[in-house]
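Colleague: Under our numbering, read the sequence shown as residues 19 to 392, first letter to last.
Glycine included, C-beta positions come from ideal geometry on N, C-alpha and C.
None of these values were measured; they are calculated from a predicted model.
Sharing a structure here in structure tokens format.
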Amino acid sequence: MDRNTNRLGWNRGAFLLLTPFFFWGTAMVAMKGVIPHTTPFFMAGIRLVPAGVLVLLAASISHRPQPQTWRAWLWIGLFALVDGALFQGCLAQGLVKTGAGLGSVTIDSQPLIVAVLSRLLFGEFIGFWGGLGLIGGILGISAIGLPDEWLRQQFVPDLAAASVNIDWGFLQGEGLMLIASVSMAVGTVMMPKVSRHADPVVATGWHMILGGLLLFALSASYESEPWQHLVVSDWIALGYATVFGSALAYGLFFDFAARGNLTSLSSLTFFTPVFALFFGYLFLGEVLTPVQWIGAIVTLASIYPIERRDALPSPSDLRKRWFDRAIGANGRSPRPQDDRAKPDSRTPTLDRAETTEVPAGMASSDSESHPLRS
Numbered sequence: 019m020d021r022n023t024n025r026l027g028w029n030r031g032a033f034l035l036l037t038p039f040f041f042w043g044t045a046m047v048a049m050k051g052v053i054p055h056t057t058p059f060f061m062a063g064i065r066l067v068p069a070g071v072l073v074l075l076a077a078s079i080s081h082r083p084q085p086q087t088w089r090a091w092l093w094i095g096l097f098a099l100v101d102g103a104l105f106q107g108c109l110a111q112g113l114v115k116t117g118a119g120l121g122s123v124t125i126d127s128q129p130l131i132v133a134v135l136s137r138l139l140f141g142e143f144i145g146f147w148g149g150l151g152l153i154g155g156i157l158g159i160s161a162i163g164l165p166d167e168w169l170r171q172q173f174v175p176d177l178a179a180a181s182v183n184i185d186w187g188f189l190q191g192e193g194l195m196l197i198a199s200v201s202m203a204v205g206t207v208m209m210p211k212v213s214r215h216a217d218p219v220v221a222t223g224w225h226m227i228l229g230g231l232l233l234f235a236l237s238a239s240y241e242s243e244p245w246q247h248l249v250v251s252d253w254i255a256l257g258y259a260t261v262f263g264s265a266l267a268y269g270l271f272f273d274f275a276a277r278g279n280l281t282s283l284s285s286l287t288f289f290t291p292v293f294a295l296f297f298g299y300l301f302l303g304e305v306l307t308p309v310q311w312i313g314a315i316v317t318l319a320s321i322y323p324i325e326r327r328d329a330l331p332s333p334s335d336l337r338k339r340w341f342d343r344a345i346g347a348n349g350r351s352p353r354p355q356d357d358r359a360k361p362d363s364r365t366p367t368l369d370r371a372e373t374t375e376v377p378a379g380m381a382s383s384d385s386e387s388h389p390l391r392s
């Protein structure tokens with residue numbers, strides 16, 4: 019009974035850990051379905067401002083302190099500019115030119131960028147596995163973003179000489195998604211600085227509101243008829259992206275992080291594009307080319323060694339383990355051929371023990387106390 023209860027509790031915990039990434043992935047699909055009927059900056063603002071209000075309400079209920087100093091507001095303002103307006107604005111603009119699944123893969127490659135920024139700004143260790151993950155990530159993103167025809171020209175000599183018309187227009191979408199990923203990575207690196215001056219949950223709520231207001235200002239200046247063509251299903255999708263894809267997802271993420279589940283959260287990052295790819299295919303009919311599938315798999319696989327580079331064994335440790343296994347159990351070298359002909363030094367003792375008479379009645383019934391007894 020206890021084992022079944024523990025298993026049920028573990029399954030429930032694993033399911034809850036997946037929920038933020040499920041909401042983020044499906045929110046990408048919801049926004050992609052709405053984008054033909056609205057404008058990007060307006061959609062991004064709608065996703066941020068109501069979600070920020072909900073986050074601040076939750077923070078107020080839990081009695082979290084509001085920012086008090088000008089330094090706190092300065093860092094929140096910078097955070098809102100980078101991780102709010104720039105990230106969400108580029109994401110929404112990128113969705114116009116690319117699919118929800120590919121866009122999610124590109125954005126969720128941001129751990130690769132975080133690793134580089136942490137190395138450049140704070141001197142953090144990357145190491146062998148981190149470098150391997152970075153190389154794989156660059157190759158994977160290149161396979162996703164570059165046109166298949168151009169890639170074939172580079173590797174197939176017959177195609178290299180041929181004249182092939184390549185449409186580079188969709189690179190605008192992938193490029194904007196990459197800028198969004200860089201913005202998110204910079205915001206991730208900024209978060210420890212923000213947390214020194216303000217409560218992280220409160221800062222998250224305010225950065226959503228401030229970033230969303232800036233996006234609304236851009237929408238009012240450069241976009242026309244942002245909501246006039248929205249239907250009921252579009253408003254439901256926007257509500258889902260706002261409540262579940264922003265407020266609830268961020269709330270759960272910060273709650274799990276506060277409980278010390280950062281390693282589990284990092285290892286589950288790749289589920290966001292998996293959900294986006296699956297539901298993008300299911301609801302929007304998005305299909306990847308074989309090259310894009312390879313790029314997506316390589317990119318997602320590259321995130322693991324980046325996130326786990328401190329826990330994975332170094333190449334020297336792997337060589338030592340392989341050497342220990344090669345020379346025998348417990349690191350002992352195999353016995354030379356000549357030794358097998360020599361009598362074991364323990365043989366006389368064992369022979370004497372074997373020939374010693376045991377008086378009747380003194381033999382133990384426990385066979386494990388007599389190693390010579392079969």
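Taking the alpha helix (DSSP H) that ASP328 belongs to, which residues open and close that run?
Modeller: Taken as a continuous stretch (DSSP letters only), ASP328 belongs to no alpha helix (DSSP H), as it is neither H nor E.
Colleague: Distance check for LEU36 and ASP159, CA to CA, integer angstroms please.
Modeller: Looking at the sequence shown, residue 159 is not Asp but Ile. In a straight line, the C-alpha of ILE159 is about 24 Å away from that of LEU36.
Colleague: If you measure between the beta carbons of ALA255 and PHE41, is that distance less than 9 Å?
Modeller: No, Cβ-Cβ distance for ALA255 and PHE41 is not below 9 Å.
Colleague: Select from LYS50, ARG327, GLY223 and LEU99 the residue whose C-alpha is nearest the C-alpha of GLN84.
Modeller: The residue with the shortest Cα to Cα distance from GLN84 is GLY223.
Colleague: State the start and end residues of the unbroken alpha helix (DSSP H) segment that holds ASP101.
Modeller: It is not in any alpha helix (DSSP H) - ASP101 carries neither H nor E in the DSSP assignment.
Colleague: The alpha helix (DSSP H) that contains PHE301, what's its start and end?
Modeller: It spans 289-302 - the alpha helix (DSSP H) in which PHE301 sits, taken as one unbroken run.
Colleague: How many angstroms separate the CA atom of ILE94 from the CA atom of PRO129?
Modeller: Roughly 22 Å separates the two Cα atoms.
Colleague: With a threshold of 7 Å on Cβ separation, who are the neighbours of LEU270 within its own chain once the five nearest residues in sequence on each side are excluded?
Modeller: Excluding positions up to five away in sequence, the list reads THR37 and PRO38.
Colleague: From LEU318 to PHE60, what does the alpha carbon distance come to, in whole angstroms?
Modeller: Near 30 Å, if we compare the C-alpha coordinates of PHE60 and LEU318.
Colleague: Among LEU194, PRO308 and MET46, which has the Cα closest to the Cα of GLU167?
Modeller: Here the closest residue by C-alpha is PRO308.
Colleague: How about LEU295 and ALA103: are their beta carbons less than 9 Å apart?
Modeller: Not a contact, by the Cβ cut-off of 9 Å.
Colleague: According to the neighbour-count rule (16 or more other Cβ atoms, all chains shown, within 10 Å of its Cβ), is VAL305 buried or exposed?
Modeller: Its Cβ having fewer than 16 others within 10 Å, VAL305 is exposed.
Colleague: Are the Cβ atoms of VAL261 and ALA69 separated by less than 9 Å?
Modeller: The answer is yes: Cβ separation under 9 Å.
Colleague: Assign HIS247 to buried or exposed, taking buried as 16 or more other Cβ atoms, counted over all protein chains shown, within 10 Å of its Cβ.
Modeller: Its Cβ having fewer than 16 others within 10 Å, HIS247 is exposed.
Colleague: I'd like to know if ILE159 contacts chain C, where contact means its C-beta is closer than 9 Å to some C-beta of that chain.
Modeller: The structure shown contains no chain C, having only a single protein chain.
Colleague: Between which two residues does the alpha helix (DSSP H) harbouring PHE143 extend?
Modeller: PHE143 -> no alpha helix (DSSP H), and no H or E assigned at all.
Colleague: Could you check if SER332 is buried or exposed, using at least 16 other CB atoms within 10 Å of its CB as the buried criterion?
Modeller: Exposed: under 16 other Cβ atoms inside 10 Å.
Colleague: Pop quiz: PHE414 and ALA198 are said to be a contact at Cβ under 8 Å. What is the actual Cβ separation, rounded to whole angstroms?
Modeller: No statement about residue 414 is possible, as the shown extent of the chain runs from 19 to 392 and does not include it.
Colleague: Which class does HIS247 belong to by DSSP, given the choice of helix, strand or coil?
Modeller: DSSP places HIS247 in coil when its eight states are reduced to three.
Colleague: So what does DSSP say about VAL305, is it helix, strand or coil?
Modeller: If DSSP states are grouped into helix, strand and coil, VAL305 belongs with coil.
Colleague: Inspect the beta-carbon positions of PHE288 and ILE321 and report whether they are closer than 9 Å.
Modeller: Closer than 9 Å, so yes.
Colleague: Looking only at its own chain, which residues have a Cβ that is under 6 Å from the Cβ of LEU6, when we skip the five neighbours before and after it?
Modeller: Lying before the first or after the last residue shown, residue 6 is absent from the chain, which here runs from 19 to 392.
Colleague: Of the choices ARG65, MET195, LEU96 and SER136, whose alpha-carbon is the least far from that of VAL114?
Modeller: Comparing Cα-Cα distances from VAL114 to each of ARG65, MET195, LEU96 and SER136, the minimum goes to MET195.
Colleague: Which class does SER136 belong to by DSSP, given the choice of helix, strand or coil?
Modeller: It is helical.
Colleague: What are the boundary residues of the alpha helix (DSSP H) that VAL123 is part of?
Modeller: Taken as a continuous stretch (DSSP letters only), the alpha helix (DSSP H) holding VAL123 covers 118-125.
Colleague: What are the uninterrupted segments assigned as beta strand (DSSP E) that are 3 or more residues long and contained completely in the stretch 185-255, given in chain order?
Modeller: Segments of the beta strand (DSSP E) lying fully in the stretch 185-255: there are none.
Colleague: So is ASP342 buried or exposed if we call it buried at 16+ other beta carbons inside 10 Å?
Modeller: Classification of ASP342: exposed, given that the 10 Å Cβ count is below 16.
Colleague: Can you tell me which of GLY51, VAL71, VAL47 and ALA48 puts its alpha carbon nearest to the alpha carbon of LEU231?
Modeller: Considering only alpha carbons, the answer is VAL71.
Colleague: Residues in the same chain with beta-carbon distance under 6 Å from LEU74, minus the five sequence neighbours each way, listed in chain order, please.
Modeller: For LEU74, where only same-chain residues beyond five positions count, the Cβ hits under 6 Å are GLY223.
Colleague: Roughly how many angstroms lie between the CA atoms of ALA314 and ALA118, to the nearest whole one?
Modeller: If I take the Cα positions, the gap works out to 13 Å.
Colleague: Distance check for ALA216 and GLY263, CA to CA, integer angstroms please.
Modeller: The alpha-carbon atoms of GLY263 and ALA216 are separated by roughly 24 Å.
Colleague: Is it buried or exposed, GLY51, if we count other Cβ atoms within 10 angstroms and call 16 or more buried?
Modeller: Buried, because 16 or more other Cβ atoms sit within 10 Å of the Cβ of GLY51.
Colleague: So for PRO54, helix, strand or coil by DSSP?
Modeller: In the structure shown, PRO54 sits in a helix (DSSP, three-state: H, G or I).
Colleague: How would you write the range of the alpha helix (DSSP H) that GLN84 sits in, first residue to last?
Modeller: GLN84 -> no alpha helix (DSSP H), and no H or E assigned at all.
Colleague: Of the choices LEU286, LEU336, ILE153 and ALA265, whose alpha-carbon is the least far from that of ALA76?
Modeller: Of the candidates LEU286, LEU336, ILE153 and ALA265, the one whose C-alpha sits nearest the C-alpha of ALA76 is ALA265.
Colleague: Secondary structure at ALA332, three-state DSSP: helix, strand or coil?
Modeller: Going by the sequence as given, residue 332 is Ser instead of Ala. Three-state result, SER332: coil.
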